[in-house]
Amino acid sequence: MKRDFILCSAARVFYRDGFQGASIDLIASEAGVSRQTIYNHYRDKEALLAAVVDDAFDRMMSSLFAVLATFPQSGENLEDDLVAFSIRMSRNCVYDPSTAFLRKVFQSDEDALPLGAKLCSTKGPAQGVPAIAAHLARLALAGDLVIEDPDLAARHYLALINADIHYHLLTGQSIDDSIIEQSSINGVRTFLMAFGKRA
Numbered sequence: 001m002k003r004d005f006i007l008c009s010a011a012r013v014f015y016r017d018g019f020q021g022a023s024i025d026l027i028a029s030e031a032g033v034s035r036q037t038i039y040n041h042y043r044d045k046e047a048l049l050a051a052v053v054d055d056a057f058d059r060m061m062s063s064l065f066a067v068l069a070t071f072p073q074s075g076e077n078l079e080d081d082l083v084a085f086s087i088r089m090s091r092n093c094v095y096d097p098s099t100a101f102l103r104k105v106f107q108s109d110e111d112a113l114p115l116g117a118k119l120c121s122t123k124g125p126a127q128g129v130p131a132i133a134a135h136l137a138r139l140a141l142a143g144d145l146v147i148e149d150p151d152l153a154a155r156h157y158l159a160l161i162n163a164d165i166h167y168h169l170l171t172g173q174s175i176d177d178s179i180i181e182q183s184s185i186n187g188v189r190t191f192l193m194a195f196g197k198r199a
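Per UniProt numbering, the very first residue in the sequence shown carries number 1; after that it's consecutive.
Okay, structure coming up:
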């Protein structure tokens, strides 16, 4: 229980102050524990950051795999079903408020929050690509999509459903449900133009 509280407090401090601005003393104060209590669990600040990131990834991946289980199973109403799935994935996994810390890790340079690039390549959304690729391959096998490389198609799908959202983030705008919905609609339509079955 105390470990969970330390991780939540550390996530708030790292999010607010970055890696360089955060200190074990600040985190201990935020958590209401002694500095020694933190060192009893983590050898240094980098180990604590790694634990915070691991914990956040575990929670995000639990949500992601629950949503992946709802991927469309057939080509009937594929556009509508894929849009609904995309909205669920964005709302519950990627742009849920609880993932704000991870988004900052992804977008930060190594000085602000180290480990980001290394972790992004081995954990998080990248783990969803093979699962989505498998679903797309199954739809292609049934003749509902035209796909030669399922992994490439999965990466394109994820890029397309997030394109409008990323534009809003880059221009300093906040993300709300209407933007998530429109980005999903636009992304799925474009994806199906490229990979949908030919008439």
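Idealized CB from N, CA, C, for every residue including glycine.
What are the residues that DSSP puts in a beta bridge with residue 196?
According to DSSP, which records beta bridges pairwise, residue 196 is partnered with 145.
Residue 103, DSSP secondary structure in three states
Residue state, collapsed to three classes: helix.
Report the start-end ranges of each alpha helix (DSSP H) in the stretch 9–70 that is 4 residues or longer and not cut off at the edges.
Within the stretch 9–70, complete alpha helix (DSSP H) segments of at least 4 residues are found at 24–31, 35–41 and 45–68, given in chain order.
Kindly indicate which residue of 88, 74 and 76 has the alpha-carbon position closest to the one of residue 68.
Checked all of 88, 74 and 76; the closest Cα to residue 68 is 88.
Please report the residue range of the alpha helix (DSSP H) in which residue 202 lies.
Residue 202 lies beyond the stretch modelled for the chain, which goes from 1 to 199, so this question has no answer here.
Taking residue 195 and residue 146 to be in contact with their CB atoms under 8 Å, please state how far apart those CB atoms are, rounded to whole angstroms.
Right, their Cβ atoms sit about 6 Å apart.
Which first and last residues belong to the alpha helix (DSSP H) in which residue 157 is found?
From DSSP, the alpha helix (DSSP H) with residue 157 extends over 150–170.
Note down the Cα distance separating residue 187 from residue 177, rounded to an integer number of angstroms.
Going from the Cα of residue 187 to the Cα of residue 177 covers about 15 Å.
Going by beta carbon distance, what residues of the same chain come within less than 6 Å of residue 22, once the five residues before and after it are set aside?
The beta carbon of residue 22 is closer than 6 Å to those of 13 and 14 in its chain, skipping five residues each way along the sequence.
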